[in-house]
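Before any comments, here is the structure.
In the UniProt record's numbering, the protein residues as written are 1 to 723.
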């Protein structure tokens, strides 16, 4: 039995996706860790992602004018990355490398088709002419001559395996409508060529293979909507140059009058395969979907419709499917159990039902699917309960839980309801739902609301969205369209609480929030409600030409007097022009900017966006960061008072990345030069102060040690001379 489980978005693929994948995805390969994948785009960039966090860990690009021509792979033995750009130029680097121009480079003598990295056999390089080399052998003499094994044939697919300690490479070629298969054993330099048996009026579209018991099982997806199996034994005694490979029908991709036009497929286990394609019934429009088939019993086990379309590519690692869906890269987990006839036809008893994941990807559901999807969602959750549950307990749960179809049906009934009626009904629904259906209900509700906002621009349930984000533990990946709609509607308060509560916001969205916060005037911001908890305890503002200043003096420490001692002139200039006495923005804008400072980010992926920040907004943001920096320095513990106030580390990190992104612009702007100068003087004064503290550190430690030795009950006056 097979089932599709939880799904989520790994990254965006649009022109401004923020991870270098605007040109589309070339390939996806496993990374150095089981939770890592390596993405190569159809251009210049390779990106390493941590799948469980949906966060990029590293990104590398070749220079403009260069193109990565085969998938980037990881050398599992050395944890290095290997890329080929412009067909012949080999690059090898490690995680800590940033600039690919400075990493190892070798120009090869022939064009590379693909590099396969084996966990215990090292990387294997397949050239377009059919020649094969291990990476170690190739690096000994990069310009060594590589033989042409194939003539006028084009490689369509390749794969590599380990047979014991020996790497084995298989690749398929095509010439004038005929398909050939080559099997190469590297250590013994053995090459066998086969011709694939022709199929009348159809041809192979996709290949996959696996190795077991010294036999390669080659599966071929044909254009006649069928999957064929070919067995290729590794041990060959015949000297015949070209053998004909006979094939046998493994699976017909048809069910109940519907035919699946497959584009790519992968093997899950000995009884299951997954096929990505378009499912078409007679007289109906075809729909792209992901399907899992049982090859043993010739049945369709499960399917998932993909209304936004795919690129036709499908990858599978660590019980996860990866494929493009619309403008995002989607991940779907799956489970495959031991195949049985009862499971194959859907008649498995409840007691035998596997505890499959009960999460539905609501992002891909339309309104008409909500009822069926939520009903199936609840049935899975209820079936996963133990059969030993007491009847009284089941009755209690039944009283609390809504009816299986009530949630989806309610959303459809409320499709055209007024905002007030909709919010009241949904609040009642949310109060009734208990775990394990809570997250499913939240996803269903948010998706329905966002879809309605998209179809009806005048509709926007602002108060309810605020309530649901504030009271529920959500994440960006659970409702990726929510912040996009909030940006479109300019709902600044919703953006603020999302930034405060969502742990996985992409850098592109963080930048968009920063830009929109800085773009609004102070007068407009005073008319809207935002959360001021993070600013009310420290901000200094000037209203009606009167100073309203809140300041906390700790342990007799006065920052202004201390700063006079360090650099009197610097203090006066800073107070007058640097914006450290009064906050350069109002409390509303300061609170919004604080939410941005709290958002997690990767410097590698945020930096390109910050370079696009308008100059005046960048200067204003830097002034505010400088103001916060001075405020933190006034306190002995360098901590701003209040709830949710930014930390000194957050302030300095943002200041550094902003200066990295905008330094050239800052230097050229007259109004920014003085700010940079004051910032430099203030930092220099702090360095000088801490340097003086370091000089007396030994004396202070000695004083502390001597105090510990004294009898605390004895009164004495002792004069210590600090030399």
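Built from N, CA and C at the ideal position, the CB exists for glycine as well. Note that this is a predicted model, so its numbers are computed, not measured.
query = Got a sec? Which residues, its chain only, sit under 7 Å from residue 503 by beta carbon, not counting five neighbours each side?
reply = 475 and 600
task = Apply the 10 Å Cβ neighbour rule to residue 664 and answer buried if 16 or more other Cβ atoms are within range, or exposed otherwise.
result = exposed
message = I need the DSSP call for residue 316, collapsed to helix, strand or coil.
response = strand
ask   = Any idea what DSSP makes of residue 75, helix, strand or coil?
value = strand
Three-state secondary structure (DSSP) of residue 12 = In the structure shown, the three-state DSSP call for residue 12 is strand.
Touching by the beta-carbon criterion (3+ pairs, under 8 Å), the stretch 55-71 and the stretch 101-115 = yes
ask   = Going by alpha carbons, who is nearest to residue 215 out of 227, 530 and 170?
value = 170
task = Could you tell me whether the stretch 313-322 touches the stretch 279-286, using the rule of 3 or more Cβ pairs below 8 Å?
result = Touching, no, given that fewer than three Cβ pairs across the two stretches are closer than 8 Å.
task = Could you have a look at residue 327 and say whether DSSP puts it in helix, strand or coil?
result = coil
query = Helix or strand or just coil, what does DSSP make of residue 682?
reply = DSSP places residue 682 in helix when its eight states are reduced to three.
inquiry  = When you compare the CB positions of residue 485 and residue 9, do they come within less than 8 Å of one another, or not?
reply    = No, the pair does not count as a contact, with Cβ atoms beyond the cut-off.
ask   = Along the chain, which unbroken stretches of the alpha helix (DSSP H) at least 4 residues long are found entirely within the stretch 115-178?
value = Whole alpha helix (DSSP H) segments, 4+ residues: 135-140.
query = In three-state terms, what does DSSP make of residue 85?
reply = strand
query = Which residue's Cα is closest to the Cα of residue 520: 676, 466 and 621?
reply = From the listed residues 676, 466 and 621, the smallest Cα separation to residue 520 is found for 621.
task = Can you tell me which of the three DSSP states residue 333 falls into?
result = strand
ask   = Which runs of the alpha helix (DSSP H), 4 residues or longer, sit entirely within the stretch 244-298?
value = Fully enclosed alpha helix (DSSP H) runs of 4 or longer: not present.
Buried or exposed (CB count within 10 angstroms, at least 16 for buried), residue 704 = exposed
query = Just how far apart, CA to CA, sit residue 299 and residue 204?
reply = 22 Å
key: C-alpha gap between residue 658 and residue 276, whole angstroms   = Answer to the nearest angstrom: the Cα atoms are 43 Å apart.
query = Using DSSP with H/G/I as helix, E/B as strand and the rest coil, what is residue 704?
reply = helix
ask   = What is the rounded straight-line gap between the Cα of residue 668 and the Cα of residue 615?
value = 10 Å
Validate contact between the stretch 644-660 and the stretch 518-535 using beta carbons, cut 8 Å, 3 pairs = yes
task = Please name the residue in 463, 505 and 500 whose C-alpha comes closest to that of residue 481.
result = In this structure, 505 is the residue among 463, 505 and 500 with its C-alpha nearest to the C-alpha of residue 481.
ask   = Is residue 247 closer than 8 Å to residue 5 when the C-beta atoms are compared?
value = no
request  = Mark residue 719 as exposed unless 16 or more other C-beta atoms lie within 10 angstroms of its C-beta, in which case mark it buried.
outcome  = exposed
message = So, with DSSP's three-state summary, where would you put residue 467?
response = It is helical.
task = Note down the Cα distance separating residue 180 from residue 97, rounded to an integer number of angstroms.
result = 41 Å
ask   = Should residue 386 be labelled buried (16 or more other beta-carbon atoms within 10 Å of its own) or exposed?
value = Low confidence applies here, because residue 386 scores a pLDDT of 35, under 50, leaving its location unreliable and the question unanswered by this model.
request  = For the beta strand (DSSP E) holding residue 205, just list the boundary residues, first then last.
outcome  = 204-212
task = Measure the alpha-carbon distance for residue 715 versus residue 654 and round it to whole angstroms.
result = 50 Å
query = Which same chain residues, not among the five before or five after residue 148, have their C-beta less than 6 Å away from its C-beta?
reply = 129
task = Throw me the rounded Cβ distance for the residue 661 and residue 272 pair, which I believe falls under 8 Å.
result = At roughly 48 Å, the Cβ-Cβ gap does not stay under 8 Å, so residue 661 and residue 272 are not in contact.
Backbone CA spacing between residue 52 and residue 35 [nearest angstrom] = 7 Å
ask   = If you count every other CB in all the chains shown that lies within 10 Å of the CB of residue 108, and 16 or more means buried, which is it?
value = buried
request  = For the beta strand (DSSP E) containing residue 50, list its first residue and its last residue.
outcome  = Going by DSSP, residue 50 is part of the beta strand (DSSP E) stretching over 45-50.
Residue 75 versus residue 676 - alpha carbon distance = About 45 Å.
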